[in-house]
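Novice:
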Amino acid sequence: MTQRIELGQIIDAAPARVVVTRDLAGSPTQAAFDLSGLPRVDSFLVGRPVLEVPKLVERLCGICPVAHHLAGMRALEALAGIDALPPTAVAVRRLLHHAGVIDIHAVGMFSTFRDEALALRRFAKAVMTAAGSPGHFPTTAVPGGVVAPADVTQLDTCHVLLTDAFSAASRIAEQSLALSAPVDRFCGVDLALTGADGRLDLFGNALRAVAADGNPVIAAATAYEWDSLIVETVPGSATPKPYLVALGADAGAYRVGPVAQLRTGQVMTPIAASLQREWRASGAGAAAARAIITVHAIEVIEDLLDSPDLIAGESSVGFPQVLPQQVGVGWVDSARGLLVHRYESDEQGRVRAATILTPTAQNEPWLGELLLQAAGAENNSEVRAGMEEAIREADPCLPCSSAPAGTMDLVVDSVVG
Amino acid sequence: MCIAVPVRILDVDEGKMPMGHVDHDGVSVSCCFAYTPQAQVGHYAIVQNGFAIDVMDAETAAKSLELFAEIAAMNENTELHVNE
Chain Y
1 MTQRIELGQI IDAAPARVVV TRDLAGSPTQ AAFDLSGLPR VDSFLVGRPV LEVPKLVERL
61 CGICPVAHHL AGMRALEALA GIDALPPTAV AVRRLLHHAG VIDIHAVGMF STFRDEALAL
121 RRFAKAVMTA AGSPGHFPTT AVPGGVVAPA DVTQLDTCHV LLTDAFSAAS RIAEQSLALS
181 APVDRFCGVD LALTGADGRL DLFGNALRAV AADGNPVIAA ATAYEWDSLI VETVPGSATP
241 KPYLVALGAD AGAYRVGPVA QLRTGQVMTP IAASLQREWR ASGAGAAAAR AIITVHAIEV
301 IEDLLDSPDL IAGESSVGFP QVLPQQVGVG WVDSARGLLV HRYESDEQGR VRAATILTPT
361 AQNEPWLGEL LLQAAGAENN SEVRAGMEEA IREADPCLPC SSAPAGTMDL VVDSVVG
Chain B
418 MCIAVPVRIL DVDEGKMPMG HVDHDGVSVS CCFAYTPQAQ VGHYAIVQNG FAIDVMDAET
478 AAKSLELFAE IAAMNENTEL HVNE
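For the protein sequence lines, the chains are Y and B, in the order given.
If you read the first sequence in the working numbering, its first letter stands for residue 1, the second for the next number, and so on.
If you read the second sequence in the working numbering, its first letter stands for residue 418, the second for the next number, and so on.
Here it is as structure tokens:
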């Protein structure tokens, strides 16, 4: 089967396409967002040296290169059986990851909060530079650790920019908490990464799943357990419809991203924790959740900036020349949610199979539900407005998500079924 | 998965909302550089929804562009379609 990648869609804003299925009476029964503009690259990776995969994926998916960089390194380390890295490597990677989260969220905030987004961008770039990644594509991590401790001079710049960034994120969070959002009727499970204590950690090693009633479905699973936790209904598809094995295909649909992050685990930094309580009480939506996660990431970075581990210590552990034939899974909780890299290597260290499971692919069922809610509105203008709001809420990694309010190029097709 | 193709910057205005153009496979496409004040003519940009979200030098961009070409060549069943 030929896979077509329409590069032109990535440069020029392609319209968001929604297909609504209606019954004979005209009532919507199903809605689906067209994700064909987001091809899977998994099959491209087969046969390549497995050590090259993180760099390949970073360059293909240049929108979130930091998240792919770190998830890929973790997958390689899982292949090699490396569970623990030196404290300096962990600290520098944490610094990079949280700056990457801020950078991605700032892009989405630009159309509404221009000056604040630029302040966040300046801060995130300074932090990524301090962590060893001055350019668009990260150069911080190597299999088994990082290239070097953080740059002390650049850390001073981060301190200088910190106050402006924090003020900007706080303003956005406070204003976003007052915004209306679609009523959250999602009855699936929320997934996010946590620390061993169950509290939210975007760079955590534990996967936590919480049902709509707040009860944990998975308390703390490791990446080694991935294959027994999540299965794709349509493996390799742009819309794979993954589900939690424990709950089955029908009940196991789940959601990732800022909403899931705030619903899944208690935030461990004080200001964001306070905002999280307000968010949970207010019924605010994903825009506020993104802003609160941004505040959280800044607080994490603020703590890290004073860590002695950041600037001195062993940078990496030895990494084997020959990787065993097995499966390695690495993950991070990125700006848009859980990102998973799963590599299967052969006896020559080449990729036998690879899975890059993105937040956008995982959130497709949730977006479908939001679109279905919107499709039930009384007139066309309300339907379009509701669908635009739904797309912003689920935030698929497509150009349409960052279009200024009211300007989203949206095509809605109706079929009878 | 999102695909990010670097495109060459042809020109950039000044001001709070600087506009400019990028060369997308020989076609000049309008783009806003407000988010990337460091953008320079001759450098490359990653563009989403008409906004340059980051910029890079020609050498870095070339590595990405080579990768897209290499993947297309390696996978006979893959077609990369530009400007359709």
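By construction, the Cβ of each residue, glycine as well, lies at the ideal position given by its N, Cα and C atoms.
Against chain Y, does MET436/B count as a neighbour if the rule is that its beta carbon must be under 8 Å from one of theirs?
Specialist: Residue numbering aside, residue 436/B sits at position 19 when the second sequence is read from its first letter. So, not an interface residue.
Novice: Quick one, are the C-beta atoms of PRO141/Y and GLY188/Y less than 8 Å apart?
Specialist: As a position in the first sequence, residue 141/Y is number 141, starting the count at 1. As a position in the first sequence, residue 188/Y is number 188, starting the count at 1. The question names Pro, but residue 141/Y in the sequence shown is Ala. No, the pair does not count as a contact, with Cβ atoms beyond the cut-off.
Novice: Is the shortest distance between the beta-carbon of THR495/B and the beta-carbons of chain Y less than 8 Å?
Specialist: Along the second sequence, one-based indexing puts residue 495/B at 78. Below a pLDDT of 50, predicted positions are generally treated as unreliable, and THR495/B, at 49, falls in that range; the measurement from the model is reported next regardless. Yes, because at least one Cβ of chain Y sits closer than 8 Å to the Cβ of THR495/B.
Novice: Give me the DSSP bridge partner(s) of ASP333/Y.
Specialist: Mapped onto the first sequence, residue 333/Y falls at position 333. BP columns for ASP333/Y point to LEU338/Y.
Novice: Indicate whether at least one CB of chain B lies closer than 8 Å to the CB of SER334/Y.
Specialist: By one-based count along the first sequence, residue 334/Y stands at place 334. No, SER334/Y does not count as interfacial toward chain B.
Novice: Could you give the residue range of the alpha helix (DSSP H) that holds LEU77/Y?
Specialist: For this step, residue 77/Y is matched to residue 77 along the first sequence. Per the sequence shown, the amino acid found at residue 77/Y is Glu instead of Leu. Run containing GLU77/Y: 65 to 79, per the alpha helix (DSSP H) assignment.
Novice: Between the C-alpha atoms of PRO134/Y and PHE113/Y, what's the straight-line distance to the nearest angstrom?
Specialist: Here residue 134/Y refers to the residue found at position 134 when the first sequence is read from its first residue. Here residue 113/Y refers to the residue found at position 113 when the first sequence is read from its first residue. About 25 Å.
Novice: If you follow the beta strand (DSSP E) that GLY108/Y is in, where does it begin and where does it stop?
Specialist: Residue mapping note: residue 108/Y aligns to position 108 of the first sequence, counting from 1. Segment 87 to 109 is the alpha helix (DSSP H) holding GLY108/Y; no beta strand (DSSP E) there.
Novice: So, does the CB of ILE463/B fall closer than 8 Å to a CB anywhere in chain A?
Specialist: Among the protein chains of the structure shown, namely Y and B, there is no chain A.
Novice: Between GLY204/Y and the rest of its own chain, which residues show a CB-CB distance below 6 Å, the 5 nearest in sequence each way excluded?
Specialist: Taking the first residue of the first sequence as position 1, residue 204/Y is located at position 204. Correct list, in chain order: LEU193, THR194, GLY195.
Novice: Check ALA354/Y in the structure and name its three-state DSSP category.
Specialist: On the first sequence, position 354 is the one that residue 354/Y refers to. Reduced to three states, the DSSP call for ALA354/Y is strand.
Novice: Just to confirm, are LEU191/Y and GLY265/Y a CB contact at a threshold of 8 Å?
Specialist: Working through the first sequence from its first residue, we reach residue 191/Y at position 191. Working through the first sequence from its first residue, we reach residue 265/Y at position 265. Going by C-beta atoms, LEU191/Y is not nearer than 8 Å to GLY265/Y.
Novice: Comparing alpha-carbon positions, which option in ALA405/Y, GLY132/Y, ASP83/Y lies nearest GLY318/Y?
Specialist: Here residue 318/Y is taken as the residue at index 318 of the first sequence, counted from 1. Ranking the options by Cα distance to GLY318/Y, first place goes to ASP83/Y.
Novice: ILE63/Y and GLN465/B - do their beta-carbons sit closer together than 8 Å?
Specialist: Taking the second sequence and counting its residues from 1, one reaches residue 465/B at position 48. Taking the first sequence and counting its residues from 1, one reaches residue 63/Y at position 63. Yes; because the gap between Cβ atoms is below 8 Å, this pair is in contact.
Novice: Applying the criterion that 16 or more other CB atoms from any shown protein chain within 10 Å of the CB defines a buried residue, is GLY418/Y buried or exposed?
Specialist: Since the first and last residues shown for chain Y are 1 and 417, residue 418/Y lies out of range.
Novice: With distances taken from CA atoms, which of GLN175/Y, HIS98/Y, THR129/Y, PHE137/Y is nearest GLU116/Y?
Specialist: Looking up residue 116/Y in the first sequence gives position 116. Of the listed residues, the one whose Cα sits closest to GLU116/Y is GLN175/Y.
Novice: Going by DSSP, what residue range makes up the beta strand (DSSP E) through ASP409/Y?
Specialist: Walking along the first sequence from the start, residue 409/Y turns up at place 409. It is not in any beta strand (DSSP E) - ASP409/Y carries neither H nor E in the DSSP assignment.
Novice: What in chain B is Cβ-close to GLY257/Y, meaning under 9 Å?
Specialist: Translated into positions along the first sequence, residue 257/Y becomes position 257. Correct list: empty, because the minimum Cβ distance to chain B is about 15 Å.
Novice: Please list, in chain order, the chain Y residues whose beta carbon lies closer than 7 Å to that of ASP428/B.
Specialist: Residue 428/B sits at position 11 when you count from the first residue of the second sequence. By Cβ distance, chain Y contributes nothing, its closest Cβ being about 16 Å from ASP428/B, past 7 Å.
Novice: Could I get the ranges of all uninterrupted alpha helix (DSSP H) runs contained in the region 142 to 200 of chain Y, with 4 residues as the minimum, in chain order?
Specialist: You should have 152 to 177.
Novice: Out of THR294/Y, LEU323/Y, ASP250/Y, VAL231/Y, which has the shortest C-alpha to C-alpha gap to LEU418/Y?
Specialist: Nothing about residue 418/Y can be reported from this structure: the residues present for chain Y run from 1 to 417 only.
Novice: For chain Y, check one thing: does any of its Cβ atoms lie closer than 8 Å to the Cβ of ASP440/B?
Specialist: Locating residue 440/B in the second sequence gives position 23, counting from the first residue. Not one chain Y Cβ lies under 8 Å of ASP440/B.
Novice: Based on Cα-Cα distance, which residue from ARG255/Y, CYS400/Y, ALA91/Y, VAL415/Y lies nearest to CYS419/B?
Specialist: As a working mapping, residue 419/B is identified with position 2 in the second sequence. Here the closest residue by C-alpha is CYS400/Y.
Novice: Between which two residues does the beta strand (DSSP E) containing PRO216/Y stretch?
Specialist: On the first sequence, position 216 is the one that residue 216/Y refers to. Where PRO216/Y is concerned, the enclosing beta strand (DSSP E) stretches over 216 to 221.
Novice: With ALA374/Y and GLU389/Y assumed to form a contact (beta carbons below 8 Å), what rounded beta-carbon distance in angstroms separates them?
Specialist: Taking the first sequence and counting its residues from 1, one reaches residue 374/Y at position 374. Taking the first sequence and counting its residues from 1, one reaches residue 389/Y at position 389. Contact holds; Cβ gap of about 7 Å.
Novice: Find the residues of chain B that neighbour PRO308/Y, judging by a C-beta separation of less than 8 Å, and give them in chain order.
Specialist: As a position in the first sequence, residue 308/Y is number 308, starting the count at 1. Those within 8 Å of PRO308/Y in chain B number zero; the least Cβ separation is about 31 Å.
Novice: May I ask which residues mark the beginning and end of the beta strand (DSSP E) holding GLU431/B?
Specialist: For the purposes of this step, residue 431/B is taken as residue 14 along the second sequence, with counting starting at 1. Element bounds for GLU431/B: n/a, residue is neither H nor E.
Novice: What are the uninterrupted segments assigned as beta strand (DSSP E) that are 3 or more residues long and contained completely in the region 222 to 289 of chain Y, given in chain order?
Specialist: 230 to 232, 242 to 244, all fully within the region 222 to 289 of chain Y.
Novice: Which residues, taken in chain order from the region 54 to 72 of chain Y, show a beta carbon closer than 7 Å to some beta carbon of chain B?
Specialist: Listed by position along the chain: LEU56, ARG59, LEU60, CYS61, GLY62, ILE63.
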